[in-house]
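The numbers in numbering that gives the first Met the number 0 rise by one with no breaks, and the one at position 17 of the sequence shown is 16.
Note that the Cβ used here is the ideal one computed from N, Cα and C, for glycine as well.
Just so it is clear, the structure is predicted and the values come from calculations on it, not from any experiment.
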Amino acid sequence: MSPLAQSLVAELRERPRHFGELVEAHMEAPWRDFLRAWGEVRAADVLERDDAGRYLIRAEGSAP
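Here it is as C-alpha cells:
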C-alpha cells in the first residue's frame, strides 16, 4: 500500500470521516495520486460506512 493510502487508513482509524474531509486533508497531493491511493484503500476491503455516511476502517475480525 502506498504511503498516501497508509495515511488515509490511519486517519480513518482515528475517527470516521467524510470523503471530502480526506480530500481537504490532502490538498497537497495531486488528484490522480489521491484517487489511486483511495482505490488502494477500497481494494483492501477494510472500509465501512457509519449511519452519517462517513467512512471508517472496519474492526479486525468483523465481517465485510
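If we ignore side chains and look at the alpha-carbon of each, how far apart do residue i and residue j end up?
i	j	result
Gly52	Val40	17 Å
Pro29	Val8	18 Å
Glu27	Glu59	30 Å
Considering only residues of the same chain and omitting the five flanking positions on each side of residue i, which have a CB-CB separation below 7 Å?
i	result
Arg16	Glu10, Arg53 and Tyr54
Leu21	Leu7 and Glu10
Glu47	Leu55 and Arg57
Per DSSP, residue i forms a beta bridge with which residues?
i	result
Met39	In the sequence as displayed, the identity of residue 39 is Glu instead of Met. The partner list for Glu39 (beta bridge, DSSP) is empty, contrary to what the question assumes.
Leu46	Ile56
Arg12	Paired residues: none, contrary to the question.
Should residue i and residue j be called a contact, given that it needs their Cβ atoms to be closer than 8 Å?
i	j	result
Leu3	Asp32	yes
Ser1	Ala36	yes
Can you list, in chain order, the residues of its chain with a C-beta nearer than 6 Å to that of residue i? Leave out the 5 residues immediately preceding and following it.
i	result
Arg12	Ile56
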